[in-house]
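Chains as they are written, first to last, in this note's numbering: chain B, 1 to 248; chain U, 1001 to 1248. For glycine and all other residues, C-beta sits at the position ideal for the given N, C-alpha and C. Since we're looking at a predicted model, the values are computed, not measured. A short write-up of the structure that comes next.
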Ligand SMILES: CC1=C(/C=C/C(C)=C/C=C/C(C)=C/C=O)C(C)(C)CCC1
Ligand SMILES: CC1=C(/C=C/C(C)=C/C=C/C(C)=C/C=O)C(C)(C)CCC1
């Protein structure tokens, strides 16, 4: 894999920004716990878990990136140690179910509906990530990537569709001063989740290869993660604060 | 880039002082959270986030400085690994919007005014930093630096002017026992923020180059960061404590 110095630095700095943003967001959520009532504490704790786990994985990716390349006098050479793509997938494997739980908790469904939704959506999410992984590690921008990506799109579409409809129905049942926020949450969710497959398939559309493809993928997923976990988390936090005030 | 041993050590020690001061300030703010009422908790949490994020970036800058040079027997040689200037800009990119939020929260504006101000000022701040960055990384003390710096001054002047006027108006509306503190906050803000462009342009005014220029820039920004984040944060914390007492 050949990387220019600019590409190497861009990915490095994106990972570093991720570490700072995820760890700061975690502290923001947890320090704000006293502002929400008991009923919503779990949603806020879980919101912080998502960013905490991401912070950990970005620290590992940062180090792995540093181990994979050396940049001396502006020339980047690969050390032969592979950059570990799996950190990202392990991160998703843990955080996507948590994000779903976070969302379900804040929708205040009945208990049986909560359990049913959690199992169906959680299973679909695990499948989506498991199917995307072989395409991602294969490394090339070729038919292997295309095939696994296409398979992963099936559970993905099921999840996004179910959440979008589920959230729409739940919005109607909520106090009007949180409807706007729930609607924002719904759109951030759909847009940020859709950005992942866009990034995955971008090298095909833009005919990129090698270092360019890798840079677009790593920076793209980082942007998607920041929106899906931090921006989305802040909205969830605000919903929890407002609902706590309503119910006081 | 040639650095004398004294310059090398000065920058190293400035970064180390930064790490200690930012992390200590973070703990000071967060340990003091129980002293402010719910209404001001978010302002104090955010004040601590600013110093937390700065602490992280100073740790990275400290390491990057160590990787970029070796100092043996009082002779400093460059290793060929570039000192990563981007950490500072990523730090500003995250902390400047948070500082603005901190300030807006403590001014207790109406919700719509808060959102409007946050968007306008946040956008201007992002632009200011994005325009300064190409000038800073170009490395030279030349017309590239001058041009980008001049462009960055436009959003900068807009922000400082808006905040100064906004704070003046808000001061009149506040209880008299916090007016003095708000006035101090206003002046610390204007002076510390103005110190950044002063540092940026200093090598031109003082006709410095190479190691001298780099030392003045790194130490200068560190001093500016300490005042803009720690000293300013302490004032914000005191305002929050006093307002909480007033409203009890
Ligand atoms: C559809 C699709 C994908 C979807 C990934 C998604 C949707 C990931 C979401 C991650 C989140 C939300 C993390 C936040 O914590 C893959 C695996 C890239 C492979 C290509 C097809
Ligand atoms: C005007 C100007 C600049 C202004 C920088 C400022 C004002 C940074 C403020 C940072 C703060 C307040 C950080 C605290 O967390 C640059 C980018 C140096 C480039 C030259 C022109």
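Determine the direct distance from the alpha carbon of residue 1101(U) to that of residue 1216(U), and round the result to whole angstroms.
-> On the second chain, residue 1216(U) is found 216 positions in, with the first residue counted as 1. On the second chain, residue 1101(U) is found 101 positions in, with the first residue counted as 1. Near 30 Å, if we compare the C-alpha coordinates of residue 1101(U) and residue 1216(U).
Applying a beta-carbon distance threshold of less than 7 Å, which residues of chain B neighbour residue 1053(U)?
-> Taking the second chain and counting its residues from 1, the one referred to as residue 1053(U) is at position 53. Under the 7 Å cutoff, chain B gives 20 and 24.
Is there at least one Cβ from chain U nearer than 8 Å to residue 219(B)'s Cβ?
-> Looking up residue 219(B) in the first chain gives position 219. So, not an interface residue.
Cβ-based neighbour list, residue 235(B), same chain, cut-off 7 Å, excluding 5 preceding and 5 following = As a working note, residue 235(B) is residue 235 in the first chain. Cβ neighbours of residue 235(B) beyond the five flanking positions: 181, 184, 185 and 188.
Proximity test, residue 193(B) beta-carbon vs ligand 1 heavy atom, cut-off 7 Å | Locating residue 193(B) in the first chain gives position 193, counting from the first residue. Yes, Cβ of residue 193(B) sits closer than 7 Å to a heavy atom of ligand 1.
Compare the beta carbon distance of residue 199(B) and residue 240(B) with 8 Å and say whether it is the shorter of the two.
-> For this step, residue 199(B) is matched to residue 199 along the first chain. For this step, residue 240(B) is matched to residue 240 along the first chain. Not a contact, by the Cβ cut-off of 8 Å.
What does residue 1184(U) pair with, by DSSP beta-bridge criteria?
-> On the second chain, residue 1184(U) is found 184 positions in, with the first residue counted as 1. Partner(s): none; residue 1184(U) has no beta bridge.
Mind pulling the chain U residues with CB within less than 8 Å of residue 28(B)?
-> Taking the first residue of the first chain as 1, we reach residue 28(B) at position 28. Neighbours of residue 28(B) on chain U, chain order: 1045, 1046 and 1049.
How about residue 1205(U): is its Cβ closer than 7 Å to a heavy atom in ligand 2?
-> Taking the first residue of the second chain as 1, we reach residue 1205(U) at position 205. Incorrect: residue 1205(U) has no Cβ contact closer than 7 Å to ligand 2.
Can you say whether residue 1206(U) is buried or exposed, counting buried as having 16 or more other CB atoms within 10 angstroms of its CB?
-> If you number the second chain from 1, residue 1206(U) lands on position 206. Looking at its Cβ environment, which holds fewer than 16 other Cβ atoms inside 10 Å, residue 1206(U) is exposed.
Can residue 197(B) be considered in contact with ligand 1, in the sense that its beta carbon sits closer than 7 Å to one or more heavy atoms?
-> In the first chain, residue 197(B) corresponds to position 197, counting from 1. Result yes, Cβ under 7 Å from ligand 1.
Three or more beta-carbon pairs under 8 Å between the stretch 23 to 30 of chain B and the stretch 48 to 62 of chain B, yes or no?
-> yes
Among 1104(U), 1061(U) and 1037(U), which has the Cα closest to the Cα of residue 1245(U)?
-> Stepping through the second chain from its first residue, residue 1245(U) is reached at position 245. It is 1037(U) whose Cα lies nearest to the Cα of residue 1245(U).
Residue 1090(U): which of 1118(U), 1099(U), 1129(U) and 1230(U) sits nearest, CA to CA?
-> Mapped onto the second chain, residue 1090(U) falls at position 90. It is 1129(U) whose Cα lies nearest to the Cα of residue 1090(U).
Identity of the residue in 1132(U), 1110(U) and 1194(U) nearest residue 1086(U) by Cα | Along the second chain, one-based indexing puts residue 1086(U) at 86. That would be 1132(U), whose Cα lies nearest to the Cα of residue 1086(U).
Check whether the Cβ of residue 71(B) lies closer than 8 Å to any Cβ atom in chain U.
-> Along the first chain, one-based indexing puts residue 71(B) at 71. Cβ-Cβ to chain U under 8 Å: yes for residue 71(B).
How would you write the range of the alpha helix (DSSP H) that residue 125(B) sits in, first residue to last?
-> Residue 125(B) sits at position 125 when you count from the first residue of the first chain. From DSSP, the alpha helix (DSSP H) with residue 125(B) extends over 111 to 137.
At a cut-off of 7 Å, is residue 1152(U) close to ligand 2 when judged by its beta-carbon and the heavy atoms of the ligand?
-> For the purposes of this step, residue 1152(U) is taken as the residue at position 152 of the second chain. Yes, the beta carbon of residue 1152(U) sits closer than 7 Å to at least one heavy atom of ligand 2.
Is residue 1095(U) near ligand 2, in the sense that its beta carbon is under 7 Å from a heavy atom of that ligand?
-> Stepping through the second chain from its first residue, residue 1095(U) is reached at position 95. Checking every heavy atom of ligand 2 against the Cβ of residue 1095(U), one is found closer than 7 Å.
Determine which residues of the stretch 94 to 113 of chain B have a Cβ less than 7 Å from any Cβ of chain U, and write them out in chain order.
-> none
Taking only heavy atoms of ligand 2 into account, decide whether any of them is closer than 7 Å to the Cβ of residue 1225(U).
-> In the second chain, counting from the first residue as 1, residue 1225(U) sits at position 225. Because some heavy atom of ligand 2 lies under 7 Å away, the Cβ of residue 1225(U) counts as near it: yes.
Environment of residue 1035(U) [buried if 16+ CB atoms lie within 10 Å] = Against the second chain, residue 1035(U) aligns to sequence position 35. Under this definition residue 1035(U) is an exposed residue.
With respect to 7 Å, is the separation between the Cβ of residue 228(B) and the closest non-hydrogen atom of ligand 1 below this value?
-> For the purposes of this step, residue 228(B) is identified with residue 228 of the first chain, where counting begins at 1. Yes; taking the cut-off as 7 Å, the Cβ of residue 228(B) has a heavy atom of ligand 1 nearer than that.
Compare the Cα-Cα distances from residue 88(B) to each of 18(B), 72(B), 73(B) and 161(B) and report the closest residue.
-> Locating residue 88(B) in the first chain gives position 88, counting from the first residue. Among 18(B), 72(B), 73(B) and 161(B), the Cα nearest to that of residue 88(B) is on 18(B).
Compute the minimum distance between the beta carbon of residue 1062(U) and the heavy atoms of ligand 2, and state whether it is under 7 Å.
-> Indexing the second chain from 1 puts residue 1062(U) at position 62. Residue 1062(U): no, Cβ never under 7 Å from ligand 2.
Considering only residues of the same chain and omitting the five flanking positions on each side of residue 1122(U), which have a CB-CB separation below 7 Å?
-> What you label residue 1122(U) is simply residue 122 of the second chain in a count that begins at 1. 1097 and 1100.
Cross-chain neighbours of residue 1175(U) in chain B, by beta carbon under 9 Å = If you number the second chain from 1, residue 1175(U) lands on position 175. Within 9 Å Cβ-Cβ: nothing; residue 1175(U) doesn't reach chain B, min ~24 Å.
Is residue 74(B) near ligand 3, going by C-beta to nearest heavy atom under 7 Å?
-> Ligand 3 is not part of this structure, which contains only ligand 1 and ligand 2.
Quick one: give me the first and last residue of the beta strand (DSSP E) that residue 78(B) is part of.
-> Working through the first chain from its first residue, we reach residue 78(B) at position 78. Segment 75 to 78, the beta strand (DSSP E) holding residue 78(B).
With a threshold of 16 other CB atoms inside 10 Å of the CB of residue 16(B), please say whether the residue is buried or exposed.
-> As a working note, residue 16(B) is residue 16 in the first chain. Classification for residue 16(B): buried.
Report the three-state DSSP secondary structure of residue 1068(U) (helix, strand or coil).
-> Looking up residue 1068(U) in the second chain gives position 68. The answer is helix: DSSP assigns residue 1068(U) an H, G or I state.
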